[in-house]
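*Asks:* Got a structure for you, questions after.
In full-length UniProt numbering, the protein residues as written are 1 to 62.
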């Protein structure tokens with residue numbers, strides 16, 4: 001059985017990396033002209049928000 005600590009660390013990693021990727025795309029990319037970059041950045045932000053909610057729920061469980 002997978003321990004809760006491993007699940008928490010993986011959730012943290014995915015959340016932080018998604019938020020960092022979205023930030024890098026927005027800072028270094030031209031999202032005003034490129035709809036593809038804007039779409040990817042929006043999806044990464046959604047993943048980071050869902051991850052933040054998952055982290056909060058994992059903290060409530062423990």
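Cβ coordinates follow ideal geometry from the N, Cα and C atoms, glycine included.
Please state whether the Cβ-Cβ distance between residue 9 and residue 25 is less than 8 Å.
*Replies:* Indexing the chain shown from 1 puts residue 9 at position 9. Indexing the chain shown from 1 puts residue 25 at position 25. Against a cut-off of 8 Å, the Cβ pair of residue 25 and residue 9 comes out as no contact.
*Asks:* Can you find the residues in the same chain that come closer than 6 Å, C-beta to C-beta, to residue 18, ignoring five residues on each side of it along the sequence?
*Replies:* Stepping through the chain shown from its first residue, residue 18 is reached at position 18. Answer for residue 18: 44, 47, 48, listed in chain order.
*Asks:* Please list, in chain order, all residues of the same chain as residue 12 whose beta carbon is under 7 Å from its beta carbon, the five residues on each side excluded.
*Replies:* The residue given as residue 12 occupies position 12 in the chain shown. Closer than 7 Å at the Cβ level, and outside the excluded window around residue 12, lie 55.
*Asks:* Between residue 27 and residue 53, what straight-line distance do the alpha-carbon atoms span, to the nearest angstrom?
*Replies:* What you label residue 27 is simply residue 27 of the chain shown in a count that begins at 1. What you label residue 53 is simply residue 53 of the chain shown in a count that begins at 1. Each residue's alpha carbon lies about 25 Å from the other.
*Asks:* Could you please give the first and the last residue of the uninterrupted alpha helix (DSSP H) stretch that includes residue 12?
*Replies:* Here residue 12 is taken as the residue at index 12 of the chain shown, counted from 1. 4-28 is the extent of the alpha helix (DSSP H) around residue 12.
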